[in-house]
Amino acid sequence: MPLGKHFINGVSDPVIRGLRSIASQDPSLRVIESEKVLYRQQDLEKVLLLSGGGSGHEPAHAGYVGQGMLDICVAGEIFASPSATQVLAGLQALPSPKGILMIVKNYTGDKLNFGLAAEKAKALGVQVNAVFVGDDVSVEGNELVGRRGLAGVVFVHKIAGAVASAGGTLDEVTTAAQKAANQLFTVGVSLDRCDVPNRELKDGLPHSELEYGMGEGNETKSKNTSNKQAGIHNEPGVRRANIPKPSVTISNLLQLLEPSTQLPEHKRVAVMINNLGGVSVLELNIVADEVITQLRVGGCDLRRIVVGTFVSSLNGPGFSITILRLSQDMEKSLNAETKVANWPNFIGVPCDAIIARNMCKAKSNAAATIDEVGEAAASSILPISSKLAYDILSSIVASVSKDEPQITHYDTIAGDGDCGETLLKGVQAAAVSIEPFRGQIVGLHELFSALTRSVESSTGGTSGAIYAIFFNALSNSIRNTPQGSRSMTAVMAAALSAALSQLFSYTTARCGHKTLMDALIPFVEVFSSTLDVRTAVEAANEGAQATRALKAVLGRASYVGDEAFDVDGGIPDPGALGVRFGPLHAFEMASFDESAFTDDPTLNGSSPTNLSAVSTYDGYSNDPGFIESQKEFRTLLFHTAREGPTRVGTPEPGADEASYPNGKLPTSVCHIKSIVSTSERVTWLKNYIDEVAPWLDMFDVQQTFGRKITLLAKSSAPLTYAILAIAARQMERQKRLSGDYNSLQLYQESIALLTPQLQARDPNILAACVILCCLEMMSAAPRNWRKHLDGCAALFESYGIHGFGTGIPQAVFWCYARMDLCAAIISEGEQSSVLALNNWLPSNINFSQAGNLFRSSGMPDMYANYSVWLCARACHLSWTQNKQQHDQDGAFQEPFIHSWHQLWLEVHTWAQDRPDEMRELELGVNESQSQCGTFPFILFSAPCAISANQLYHTSCILLLESKPASIDSRTLGRSGSVIWHAHRICGISLTNSHHGCLNNAIQPLWLAGKYLSHPVEHKSVIDLYSKIENITGWSATWRIRDLRRLWGYAGDDTLN
474 MPLGKHFING VSDPVIRGLR SIASQDPSLR VIESEKVLYR QQDLEKVLLL
524 SGGGSGHEPA HAGYVGQGML DICVAGEIFA SPSATQVLAG LQALPSPKGI
574 LMIVKNYTGD KLNFGLAAEK AKALGVQVNA VFVGDDVSVE GNELVGRRGL
624 AGVVFVHKIA GAVASAGGTL DEVTTAAQKA ANQLFTVGVS LDRCDVPNRE
674 LKDGLPHSEL EYGMGEGNET KSKNTSNKQA GIHNEPGVRR ANIPKPSVTI
724 SNLLQLLEPS TQLPEHKRVA VMINNLGGVS VLELNIVADE VITQLRVGGC
774 DLRRIVVGTF VSSLNGPGFS ITILRLSQDM EKSLNAETKV ANWPNFIGVP
824 CDAIIARNMC KAKSNAAATI DEVGEAAASS ILPISSKLAY DILSSIVASV
874 SKDEPQITHY DTIAGDGDCG ETLLKGVQAA AVSIEPFRGQ IVGLHELFSA
924 LTRSVESSTG GTSGAIYAIF FNALSNSIRN TPQGSRSMTA VMAAALSAAL
974 SQLFSYTTAR CGHKTLMDAL IPFVEVFSST LDVRTAVEAA NEGAQATRAL
1024 KAVLGRASYV GDEAFDVDGG IPDPGALGVR FGPLHAFEMA SFDESAFTDD
1074 PTLNGSSPTN LSAVSTYDGY SNDPGFIESQ KEFRTLLFHT AREGPTRVGT
1124 PEPGADEASY PNGKLPTSVC HIKSIVSTSE RVTWLKNYID EVAPWLDMFD
1174 VQQTFGRKIT LLAKSSAPLT YAILAIAARQ MERQKRLSGD YNSLQLYQES
1224 IALLTPQLQA RDPNILAACV ILCCLEMMSA APRNWRKHLD GCAALFESYG
1274 IHGFGTGIPQ AVFWCYARMD LCAAIISEGE QSSVLALNNW LPSNINFSQA
1324 GNLFRSSGMP DMYANYSVWL CARACHLSWT QNKQQHDQDG AFQEPFIHSW
1374 HQLWLEVHTW AQDRPDEMRE LELGVNESQS QCGTFPFILF SAPCAISANQ
1424 LYHTSCILLL ESKPASIDSR TLGRSGSVIW HAHRICGISL TNSHHGCLNN
1474 AIQPLWLAGK YLSHPVEHKS VIDLYSKIEN ITGWSATWRI RDLRRLWGYA
1524 GDDTLN
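Heads up: the sequence shown begins at 474 in our numbering, then just goes up one per residue.
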């Protein structure tokens, strides 16, 4: 196997050379090279301290030789104890009239060799005592071996060194060291083993796993071993798990520490967060912040905090936490002066006081209040409607979210790899920044001013500064435009030119320098000369693409070798792409629509057709906590799918539910943490049963989500938190709450609890995953739904979960399938379902057999699911048509015509063969007699029949939209009319008010609305969408905007 990648491969004497380097940095130090002993040469009228062990743990122990800590260090080879001969040489290196205390980590080799040397030294008349330090709490239970020594030994060095420097006797120094050793508790965690120079690499942990209790060394173990060891030589740890978020990792470590530390009774502590060598300083400080936070919340009195590399394991990617229970004497010794560079020297004061003092708020100019903004906008030459502002920022977020991976990929090659992520963070913050303007009259200059403040606070680096300067100058230029200038294009052209001129004052970057200016300058110049935004955007795009052939002369890219830019036909500048996909995309989307800039851009009246009344953008999907947790959840699902089996799991039809693979959670009642009060839990559970479960169970006569899963949640904490999270989120959406989201904390807790249990393939866990997926989709932009669906799709595909199992897996599948179908409809023929359609069926059933399988169930809910299947196939056929037209330029026609006829027949056979429960009630009411006077009156008794029949008409519209030209619609009869199907979709929603069916009508109503022409019909559909959003919390406003544009309504005109 290959050697690890090191600068010192082939170096035969690394330990000696390391000791020589340390000695060369301090004139008081000496090295006995033959025995690998380092000591300090001074007049030492004190008890001497000696320590040591295997090398590779630097700075331990040579780095602690100095005034106030150690006097002598004995170094073994890498991860090997020094010999007794070496230790004896150390004991004899200096005269020791007051005796020597050996501080030794509790390892068998160290104890034997240091002990043997001590006995030899005693025979020569040297007074020698020894203290053995074992602070690893992960190896409790083996009294013969005892705890192993980890990073806590450095606390013993410091305390014993202070007592010795103060003139303590050998017994006093020994007693102080032993007391400290008795109060030490350490546990570690690692992402992998370290690499030892000149040794072959060995298999370590999988990329997505960490190991608790893993120490600092280089052995590995098999995944299934139960041997619980954790030392500083990479001995195996206690438990492996998927990598969770930092708060969960720290919580698990503190839980391992708590039984030994007894912190509730001993709260006065010092804490050490120790780097095993391979963790970045930034990452270590984040870990430390989380440790400090959790200990303080637990009531600990943190008297001293030390963070850094104290006892490493070469380049080990892990860290350890050490707790030292303090007495007053120990605290005094910890804070005593030392001149050892590797110990953090500062005056020790109570750390809670330091934290409280340092957590200050920055002084800044406060943003304008809402009232001030309104007053300023009232006299502005360009008051802007909240609709346009919302659309602009929403468009930026969607555009950058889509293109961020590509921008980041290029910046990884050409820069420091953060360009795409920085841009995305900035536009997400910008989207949140317009929330105070919701429903207000906003001057365009104030909008850009808000963007400037947002960019300044959220976007770092050179690009952030350039954006902030440009937006600020743009705001000032618009603000200073003379009254009477009413042409938006003219105002914007002048303002953009002025902003670019101002930007030139602060940067030398120009076209041809391979920076974001290669896109920004052409945009401004072309727009100023043509007043055509689309032509200007094209010029910006050409400028960005032209950077592929340019050589970087500014920024980090100028330091990168030319060979890095040769891949993919040349690397475009990531900043230039960011300008094109971000701000300039927004200008293109806005198109500087004059109708949006009026003297009174507010919307008249309080009708539900007033867009500001139904807009519910609350910034949730841009919350950094939600984004991080959603990515973690998605990664977790993909990892579980990769590690799991393939297509084995769901019982075939007729199998008993007990045959579903088990591994279920314990049946004991789960406990809800203090983040949930009893009253909140009751409120959310009631809302789940009353409002959420009906649409999760829409096609399920067994009401699995409302009845079974609610009961099963009592023994499943992840499922309980998922239920509470989606219920809380639905209430937040329904009540238009923003800011502090209870649902986000519940969502994150559910993910943390899911992490160690996903591999169990428990039906409860599957249900929790789909419920969390629903929460994400309720909170995210609908056109981004696919990325929330693909994790569950991978899990279903891996485990073979399909639509014809039994019990919970079947109900969970069809709940997911309905969401998958909605995403496919939203794509408008650009995508099929996320989960491949063949995976909706048992592996031994093909498409032609599926209809008989649905019918054979004899259950109305499965017949309703049949409509979901058919509609998904219609979406797939549309996608196939678009793809083949693009790829083969019409060569698909014959097979496509056959597929179209076959599916058209199957869809209409579904309608003809409907069981009675799926048919409309015969009430003797003429279809023209409805609430709105234009749509038919169609009433159903079964909730599943409402949406199933809507999906039948949806399938027909999809098929008619993709109908081959050779088919004459007149030969299809009434069912060949899209208007007929559109009217019936609307009539079903108007007639049936079942809450569980409302959100599932959003996409069918969009398809229907496209074919409506009368304003009365338009108002009815918009009122329906308003009702859906107000009752269910699911966003429908975006579809109102889509239809208004399609219908040709200008600006924010209301419908009367």
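Don't be surprised by glycine CBs; every beta carbon is placed ideally from N, CA and C.
Rounded separation between residue i and residue j - CA only
i       : j       : result
Glu1101 : Val1494 : 36 Å
Asp609  : Ala992  : 57 Å
Ile1411 : Leu1463 : 9 Å
Glu731  : Ala1323 : 56 Å
Ile1423 : Pro1477 : The displayed chain sequence assigns Gln, not Ile, to residue 1423. Roughly 7 Å between the two C-alpha positions.
Lys898  : Ala714  : 30 Å
Ile632  : Ser806  : 5 Å
Val1165 : Ile796  : 45 Å
Ala938  : Ala963  : 27 Å
Phe1172 : Pro1488 : 33 Å
Gln531  : Gln801  : The question names Gln, but residue 531 is Glu in the sequence shown. For Glu531 and Gln801, the distance between alpha carbons rounds to 30 Å.
Pro1134 : Asp1235 : Here Pro1134 scores only 36 on pLDDT, less than 50, and its place in the model should not be relied on; the value that follows carries that caveat. Between Pro1134 and Asp1235, the C-alpha separation is close to 7 Å.
Ile880  : Met542  : 51 Å
Arg830  : Thr1156 : Unreliable positioning characterises Arg830 in this predicted model, as indicated by a pLDDT of 46, which lies under 50. A coordinate reading is not provided.
Ala1201 : Asn1503 : 15 Å
Leu1184 : Val627  : 52 Å
Asn949  : Ser922  : 8 Å
Arg1120 : Asn1465 : Reliability fails at Arg1120, whose pLDDT of 44 lies under 50, so the model's placement of it is uncertain and the value that follows must be treated cautiously. Cα to Cα, the separation comes out at about 39 Å.
Ser1305 : Ile481  : 54 Å
Cys667  : Ser497  : 28 Å
Ser1031 : Met990  : Caution is warranted here: a pLDDT of 48 is assigned to Ser1031, below 50, making its placement in the model unreliable, and the coordinate value is therefore given only provisionally. One C-alpha to the other measures close to 15 Å.
Ser501  : Gln515  : 7 Å
Check whether residue i and residue j have beta carbons under 8 Å apart
i       : j       : result
Ala557  : Lys509  : no
Ile573  : Leu521  : yes
Pro723  : Val764  : Looking at the sequence shown, residue 723 is not Pro but Ile. Yes, the Cβ-Cβ distance between Ile723 and Val764 is below 8 Å.
Leu564  : Val504  : no
Leu683  : Ile716  : yes
Leu1394 : Phe1413 : yes
Val629  : Ala653  : yes
Pro1333 : Cys1470 : no
Gln1283 : Gly1276 : yes
Leu976  : Ile951  : no
Val669  : Ile551  : yes
Beta bridge counterpart(s) of residue i as assigned by DSSP
i      : result
Glu684 : Ser663, Arg713
Phe605 : Val577
Asp774 : Arg741
Ile545 : Tyr512, Leu523
CB-CB length for residue i against residue j, believed under 8 Å
i       : j       : result
Leu1023 : Ile994  : That pair is no contact at about 13 Å.
Val760  : Phe792  : 6 Å
Leu729  : Ser638  : Going by Cβ atoms, the distance from Leu729 to Ser638 rounds to 34 Å, so no, they are not a contact pair.
Gln1203 : Asn1160 : 6 Å
Own chain residues within Cβ distance below 8 Å of residue i, not counting five before or after
i       : result
Ile1475 : Cys1295, Tyr1498, Ile1501, Trp1507, Ala1509, Arg1512
Cys1246 : His1261, Leu1262, Gly1264, Cys1265, Tyr1289, Met1292
Arg1328 : Tyr1336, Tyr1339, Asp1386
Arg712  : Glu684, Tyr685, Gly686
Close beta carbons around residue i, own chain, < 7 Å, minus the five adjacent residues each side
i       : result
Val1307 : Arg1259, Leu1262, Asp1263, Ala1266, Asp1293, Ala1296
Leu1519 : Lys1483
Ile1318 : Leu1326
Close-in-space but distant-in-sequence residues of the same chain around residue i (CB under 6 Å, 5 per side omitted)
i       : result
Leu1239 : Val1285
Ser1428 : Leu1343, Cys1344, Ala1347, Val1380
Ala1309 : none
Lys578  : Gly526, Val606, Gly622, Val626
Ala1186 : Leu1192, Thr1193, Ile1196
beta-carbon residue i near the ligand ADP non-hydrogen atom, thresh 7 Å
i      : result
Gly539 : As for the ligand ADP, it is missing from this structure, which has no ligand bound.
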